[in-house]
Amino acid sequence: MSMINTIADPLAKVTARIQQAVAAARRNGETVRLIAVSKTHPANLLAQAYACGQRDFGENYLQEALEKQAELTDLADIVWHFIGPIQSNKTRAIAKNFAWIHSIDREKIAQRLNEQRPDDLPPLQVCLQVNIDDENTKSGVSLAELPALAKVVSQLPRLQLRGLMAVPAAKDNIQQQRAGFAKLHGALVQLQQLGYTVDTLSMGMSGDLEAAIAEGATMVRVGTDIFGARASA
Ligand SMILES: *Cc1c(COP(=O)(O)O)cnc(C)c1O
């Protein structure tokens with residue numbers, strides 16, 4: 363294996379972009395947590411990012427994630443985030459092997475994760491995925507159905523409802539990007555007004571993290587601009 367860390371430079375660039383966006387939004391003193399999205403990339407690249415201080419990693423596919431986790435057990439303080447669609451038959455392994463789940467979009471999945479979260483682990487930190495642009499093809503709860511889902515999830519003792527996540531449709535310009543993220547922020551504020559203690563807005567990826575931070579993102583999920591292009595979508 364090469365001794366050259368190929369992740370250090372792109373990771374530093376993404377970190378600088380985040381800092382600039384926080385400053386531009388006059389959110390001085392606030393931190394935006396970077397989730398390094400490592401789907402399709404091998405464990406040795408995650409280890410390189412880890413060597414640079416990165417601790418939060420996001421994965422979309424359970425089997426692939428479990429294989430990498432097995433290779434990286436020495437890096438015990440990695441925080442694993444599950445950010446992909448969740449099938450019922452995968453909930454047990456997800457509940458056991460991740461600290462955060464960003465992609466809960468229906469009651470049945472939440473119930474199963476709650477039942478299957480091992481007792482010796484802290485509650486799962488969860489975000490509800492919202493289908494912010496009402497796209498037929500995309501997962502996520504609709505804004506209309508969000509309050510009902512939040513109510514159910516907030517009552518599950520092994521899940522801690524932290525906030526909202528979205529993957530907006532691709533937009534042409536930063537104004538359009540911001541409008542989508544503002545909608546998600548508005549939905550979070552609405553939940554806060556209903557009395558929920560939620561503090562997390564998981565929004566912004568390689569192409570739109572500046573717009574997301576301008577609209578209040580507390581976590582951005584960045585893959586391509588850290589690890590390079592993925593071989594297939
Ligand atoms: C792949 C993925 C990302 C990262 O996207 P990039 O454009 O590669 O930065 C973020 N969030 C989710 C849910 C993803 O599936």
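Residue numbers (the working numbering): 363 to 595.
Note that CB positions come from ideal geometry on N, CA and C, so glycine has one too.
Residue of the options minimising C-alpha distance to residue i
| i | options | result |
| --- | --- | --- |
| Arg395 | Arg454, Thr559, Met567, Arg592 | Met567 |
| Val584 | Val399, Leu523, Arg479 | Val399 |
| Thr368 | Lys470, His403, Ala510 | His403 |
| Asp439 | Leu424, Thr453, Gln449, Asn459 | Asn459 |
| Val514 | Arg468, Leu546, Leu550, Gly557 | Arg468 |
| Gln473 | Leu483, Val551, Gln449 | Gln449 |
beta-carbon residue i near ligand 1 non-hydrogen atom, thresh 7 Å
| i | result |
| --- | --- |
| Arg379 | no |
| Met567 | yes |
| Val415 | Sequence inspection shows Gly at residue 415; the Val mentioned does not correspond to that position. No, ligand 1 has no heavy atom inside 7 Å of this Cβ. |
| Lys533 | no |
| Asn615 | No statement about residue 615 is possible, as the shown extent of the chain runs from 363 to 595 and does not include it. |
| Val441 | no |
| Lys430 | no |
| Val529 | yes |
| Lys500 | no |
| Lys401 | yes |
| Asp587 | yes |
| Gly548 | no |
Burial state of residue i, where buried means 16 or more other Cβ atoms lie within 10 Å
| i | result |
| --- | --- |
| Ala574 | buried |
| Thr393 | exposed |
| Gly446 | buried |
| Ile536 | exposed |
| Arg388 | exposed |
The segment 491–503 contacting the segment 404–422, beta-carbon criterion three pairs below 8 Å: No, the segment 491–503 does not touch the segment 404–422.
Touch test, the segment 404–413 against the segment 376–386, Cβ-Cβ under 8 Å, three pairs minimum: Between the segment 404–413 and the segment 376–386, the count of C-beta pairs closer than 8 Å stays below three; the two stretches do not touch.
Minimum length 4: unbroken alpha helix (DSSP H) runs contained in the segment 417–498: Counting whole runs of 4 or more residues, the segment 417–498 contains the alpha helix (DSSP H) stretches 424–433, 453–459, 469–478.
Contact the segment 518–525 vs the segment 485–496: 3+ CB pairs below 8 Å: By the criterion of at least three beta-carbon pairs nearer than 8 Å, the segment 518–525 is in contact with the segment 485–496.
Residue ranges of each beta strand (DSSP E) within the segment 552–587, 3 or longer: Assignment of beta strand (DSSP E) within the segment 552–587, counting only whole runs of 3 or more residues, yields 562–564, 581–584 in chain order.
Beta strand (DSSP E) runs contained entirely in the segment 519–556, provided each spans 3 or more residues: Contiguous beta strand (DSSP E) elements confined to the segment 519–556 occur at 521–527, taking only those with 3 or more residues.
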